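Residue numbers (this note's numbering): 468 to 677.
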């Protein structure tokens with residue numbers, strides 16, 4: 468039987484890279500982009516971009532890679548993603564709740580979580596983050612729209628019950644709210660990267676194509 472809370476074996480001496488993926492079902496992914504591009508084309512773009520991100524980053528020997536899937540049951544058995552990479556369930560709730568669930572599954576040690584549709588992301592950026600974040604409790608990679616494309620946690624201090632709560636997700640306040648929610652954590656800020664939420668993002672990003 469499927470068990471979303473199954474125990475994951477991690478190596479505490481290794482950085483973990485967790486890539487968030489959502490089952491590519493038309494109408495459930497990239498909904499803002501779908502309004503302009505069309506549901507089928509937006510879903511195809513998302514699936515292809517996810518696969519490129521996974522292929523580019525997952526087999527790098529400098530970290531251990533996991534896919535955090537959603538919805539839990541469908542994602543754990545999905546054929547959309549390679550079966551060669553371990554999967555964990557994101558769990559339920561808002562984004563902050565799911566991020567905390569992922570971080571807790573990855574303890575002990577350092578974990579980096581990224582979205583799966585960040586065009587142009589490179590392994591060198593993950594390596595730079597893994598090194599830089601060791602000076603802090605948490606680490607964020609900003610997006611131009613006020614959100615973030617990457618979040619890291621060194622695991623040295625536990626995330627409180629207030630961490631990643633009361634964040635205005637999908638707004639220009641998301642990153643600032645996230646930092647405020649982390650309280651006394653020291654937070655490092657990394658490189659700015661753009662994700663794709665709408666057609667303008669798609670056309671303006673030099674790493675994307677239809």
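By construction, the Cβ of each residue, glycine as well, lies at the ideal position given by its N, Cα and C atoms. Since the model is a prediction, treat every value here as computed from it, not as a measurement.
Taking 8 Å as the upper bound for CB-CB distance, residue 662 and residue 639 are not in contact here, some 14 Å apart. For residue 667, the enclosing alpha helix (DSSP H) starts and ends at 666-671. In the structure shown, the three-state DSSP call for residue 541 is helix. Under the three-state reduction of DSSP, residue 640 is assigned to coil, being neither helix nor strand. Per DSSP, reduced to three states, the secondary structure at residue 554 is strand. For residue 607, the CB contacts under 8 Å within the same chain, skipping 5 residues up- and downstream, are 615, 617, 618, 619, 642, 645, 646, 654, 655, 656 and 657 in chain order. In this structure, residue 530 sits away from residue 595, with a CB-CB distance that is not shorter than 9 Å. In the three-state reduction of the DSSP assignment, residue 585 falls in the coil class, being assigned neither a helical nor a strand state.
Under the 8 Å Cβ criterion, the stretch 546-558 counts as touching the stretch 524-538, having at least three qualifying pairs.
Rounded to the nearest whole angstrom, the C-alpha separation of residue 505 and residue 580 is 28 Å. The continuous stretches of beta strand (DSSP E) do not include residue 481, and DSSP gives it neither H nor E.
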